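Numbering (my numbering) for the sequence shown: 1007 to 1329. First comes the structure, then the notes that go with it.
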Amino acid sequence: MAAFDTKNMTFKEMLQVSFKSDDTEEWLDVHFTRPIGLVFALFWMKLNVHPNVVTIISIVLGVIAGIMFGYPDFGHNIAGVLLMMFSNFGDSTDGQMARLTGKKTLVGRVLDGFSADITFFVVYAAICIRLHNEPMPGTEVKWGLSIWALCLLAGIFGHQPQAMLSDYYRQIHLWFLKGTAGSELDNYAQQRHIFETLPKEGPWISRAFKKVFYYNYANYCKGQETRTPAFQRLYAKMLEQYGSPENLPSDLREDFLKGSRPLMKYTNLLTFNSRAICLYIACLINEPWLYPLAEVIIHSCMYIHMCRSHELLCEKIYKQYFT
């Protein structure tokens, strides 16, 4: 990926090219997170700091933020909100830096996703510890293991698949919109092949890291593919017939994008902003159990609608162009 000549660009121009695309950016990110993230990006770029270093900083801030939500007092929770906001700015900054400098790597992208996962893992654990010995609303019964069960349900069956497929649907959209170079649409077979053909020579720490990394990333891709059978059939047929997104007929491309574009708002709602707002409100009013409950009910409903709509879109495009 080529770097941009930022010295001859205005702030507005740099902001625009630092977006993934207008279709996949949320209003709050466009008008708040991304501009602030770009300010930080320009600062780190002057110091010649690698985007992955910024990602690690954002992970540390996110973990500390999560710990703050384990305390019931307002001060700790405000600190948690502020730290998580700065963690999110860092999460935006590293991606913007990567796109502006051309230092865009697979490890960086996976680290970026890992940043949110570990932050919210700490958040769930903190909420459980905070409420374990507290009574349920309107009763004298303590939460006990019930809050752990609720957070486990929210994290494993809510947050994790929601974030996984939200990222996948965005990459699919970008694949149709910008082609191979503008998307990070990876697949299990490709990543598994890389894992199986890793060199057996070199420092053992480096080899161990690569093995763990590609093994887990291949399984991550497999999880995305397992949940999207209609898209997998369409994707395989398009590759068989056209070879690459650049060769797709313009009407097929536009029909898919027209159906995919309305779903992009759900991919944004199911990543960070909406769940962070739910978390902030729930903790600041000292009812943190509302956050995992919102994950299980509200976000799960959005997730089901998003998945069903995307699969129906893929079935429609397949029937229209390949049968």
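In this text, a Cβ means the ideal position worked out from N, Cα and C, and glycines have one as well. Note that the coordinates shown come from a computational prediction; the quantities given were computed from them, not determined experimentally.
{"query": "When the Cα of L1299 is compared with those of A1187, W1154, A1236 and E1207, which residue comes out closest?", "result": "W1154"}
{"query": "If you reduce the DSSP assignment to three classes, tell me which class A1294 lands in.", "result": "The question names Ala, yet the displayed sequence has Pro at residue 1294. P1294: coil per DSSP, three-state reduction."}
{"query": "Please state the DSSP three-state secondary structure of P1268.", "result": "helix"}
{"query": "Kindly identify the DSSP beta-bridge partner or partners of K1018.", "result": "According to DSSP, K1018 bridges with nothing at all."}
{"query": "What's the call for A1187, buried or exposed, on a 16-neighbour Cβ count within 10 Å?", "result": "exposed"}
{"query": "Please classify D1035: is it buried, with 16 or more other beta-carbons within 10 angstroms of its beta-carbon, or exposed?", "result": "buried"}
{"query": "Is G1043 close to chain D? Criterion is C-beta to C-beta, closer than 8 Å.", "result": "In summary, chain D is missing from the structure at hand, where a single protein chain is found."}
{"query": "Under the rule that 16 or more other beta-carbon atoms within 10 Å means buried, what is S1024, buried or exposed?", "result": "buried"}
{"query": "Excluding the 5 residues flanking Y1248 on each side, which residues of the same chain have their C-beta closer than 6 Å to its C-beta?", "result": "L1254"}
{"query": "Is the beta carbon of L1290 sitting closer than 8 Å to the one on N1083?", "result": "yes"}
{"query": "What runs of the alpha helix (DSSP H), each 4 residues or longer, lie entirely inside the stretch 1032 to 1067?", "result": "1040 to 1052"}
{"query": "Check P1167 in the structure and name its three-state DSSP category.", "result": "helix"}
{"query": "Pull up the distance between the alpha-carbon of S1152 and that of P1235, whole angstroms please.", "result": "35 Å"}
{"query": "Determine the closest residue to Y1174 out of L1269, T1125, D1100 and W1149, with distance taken between C-alpha atoms.", "result": "L1269"}
{"query": "Helix, strand or coil: how does DSSP classify K1184 here?", "result": "helix"}
{"query": "Do you know offhand how far G1063's Cα is from L1204's?", "result": "Strictly speaking, residue 1063 in this sequence is Ile, with Gly absent from that position. Straight-line Cα distance between these residues: approximately 29 Å."}
{"query": "From this set, L1137, G1086 and R1105, which residue's C-alpha is nearest L1296's C-alpha?", "result": "L1137"}
{"query": "Within this structure, are the beta carbons of K1026 and L1180 separated by less than 8 Å?", "result": "yes"}
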